[in-house]
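Written below as structure tokens is the structure these notes are about.
In the numbering used here, the protein residues as written are 1 to 146.
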């Protein structure tokens with residue numbers, strides 16, 4: 001499989017041009033060219049996670065955090081982004097890698113807003129099941145990467 005450096009589309013090994021955007025594909029024998037891309041990053045961090053950990057037993061905390069991470073990942077992917085990594089109780093997502101969209105920054109902002117809405121729904125369940133709620137702080141930034 002050859003990945004288009006322009007749009008991220010997967011192409012067959014024999015393809016010389018991208019099937020999606022017609023950009024020339026790099027020669028399989030040459031190292032990939034480093035290019036600048038505009039990427040938007042969404043970062044969401046749970047506030048007060050230390051006190052949450054003190055109020056819940058380890059199994060309950062794991063259950064709450066797994067459901068939180070699953071919900072955030074679903075929202076991010078629904079908007080065309082991908083989770084770059086989970087860092088402790090934080091989620092770092094990227095828009096524009098590997099697949100580029102003209103409106104990646106807007107998609108990221110909408111995803112961040114929907115993450116808050118999804119958390120509101122989750123918090124109703126968490127409150128009913130475990131007597132806790134969680135809050136997040138989100139940040140969105142767009143810039144060039146190599």
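All C-beta atoms, glycine included, are put in the ideal place defined by N, C-alpha and C.
### Query
Which word fits residue 115, buried or exposed, when buried means at least 16 other C-beta atoms lie within 10 angstroms of its C-beta?
Within the chain shown, the letter at position 115 stands for residue 115. Buried, because 16 or more other Cβ atoms sit within 10 Å of the Cβ of residue 115.
### Task
Enumerate in chain order the residues of its own chain whose CB-to-CB distance from residue 25 is below 7 Å, with the five nearest sequence positions on each side excluded.
Residue mapping note: residue 25 aligns to position 25 of the chain shown, counting from 1. Result list for residue 25: 2, 4, 11, 15, 16, 17, 18, in chain order.
### Task
Can you tell me the Cβ-Cβ gap for residue 92 and residue 41, rounded? I've got them flagged as a contact below 8 Å.
The residue given as residue 92 occupies position 92 in the chain shown. The residue given as residue 41 occupies position 41 in the chain shown. Residue 92 to residue 41, Cβ: 7 Å. Contact.
### Query
How big is the Cα-Cα spacing for residue 153 and residue 106?
In this structure the chain extends from 1 to 146, so residue 153 is not present and cannot be described.
### Task
Return the CA-CA distance between residue 22 and residue 76, expressed in angstroms with no decimal places.
Sequence index remark: in the chain shown, residue 22 carries index 22 (1-based). Sequence index remark: in the chain shown, residue 76 carries index 76 (1-based). Residue 22 and residue 76: Cα-Cα distance of roughly 27 Å.
### First through last residue of the beta strand (DSSP E) which encompasses residue 139
Start at 1 with the first residue of the chain shown, and residue 139 comes out as number 139. 135-145 is the extent of the beta strand (DSSP E) around residue 139.
### Message
Assuming residue 44 is part of the beta strand (DSSP E), what are its boundary residues?
### Response
For the purposes of this step, residue 44 is identified with residue 44 of the chain shown, where counting begins at 1. It spans 37-47 - the beta strand (DSSP E) in which residue 44 sits, taken as one unbroken run.
#### Entry: residue 108 to residue 38 span [Cα, whole Å]
The residue labelled residue 108 in the question sits at position 108 within the chain shown. The residue labelled residue 38 in the question sits at position 38 within the chain shown. So the two alpha carbons sit approximately 13 Å from each other.
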